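In the working numbering, the protein residues as written are 139 to 234.
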């Protein structure tokens with residue numbers, strides 16, 4: 139229903155979204171729409187939406203849950219040392 143509107147903004151990204159055959163492909167293809175920036179890449183999207191960049195300042199007990207195969211927050215971004223140092227009272231749980 140919104141294809142015409144999306145095509146007016148970015149035809150290439152619209153085609154990429156429609157051609158995506160997996161959730162990771164769709165997530166990468168939708169980056170220009172999510173970032174409101176034509177030509178934005180999946181790397182741009184992941185850099186801005188990396189939860190590890192927004193975790194400071196939490197002062198209540200928090201469960202940080204991540205999966206080793208999470209395609210939004212890569213296991214490579216998990217920093218247990220920072221969570222222990224900067225967020226006392228937090229628990230990190232990584233699923234396999």
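C-beta atoms are modelled at their ideal positions from N, C-alpha and C, and glycine is treated no differently. Note that the coordinates shown come from a computational prediction; the quantities given were computed from them, not determined experimentally.
(request) Mind checking which residues open and close the beta strand (DSSP E) that includes residue 233? (result) The residue labelled residue 233 in the question sits at position 95 within the chain shown. From DSSP, the beta strand (DSSP E) with residue 233 extends over 228-233.
(request) Kindly indicate which three-state DSSP category residue 205 falls into: helix, strand or coil? (result) Taking the chain shown and counting its residues from 1, one reaches residue 205 at position 67. If DSSP states are grouped into helix, strand and coil, residue 205 belongs with the strands.
(request) Would you kindly work out how many angstroms separate the C-alpha atoms of residue 167 and residue 217, rounded to a whole number? (result) Counting from 1 along the chain shown, the entry for residue 167 is found at position 29. Counting from 1 along the chain shown, the entry for residue 217 is found at position 79. For residue 167 and residue 217, the distance between alpha carbons rounds to 27 angstroms.
(request) Drop a sphere of 10 angstroms on the beta-carbon of residue 170, count the other beta-carbons inside from all chains shown, and report buried for 16 or more, exposed for fewer. (result) Reading the chain shown from its first residue, position 32 is the one you call residue 170. When all chains shown are included, residue 170 counts as buried.
(request) Tell me whether residue 200 sits in a helix, a strand or coil according to DSSP, three-state version. (result) Here residue 200 refers to the residue found at position 62 of the chain shown. Correct three-state label for residue 200: strand.
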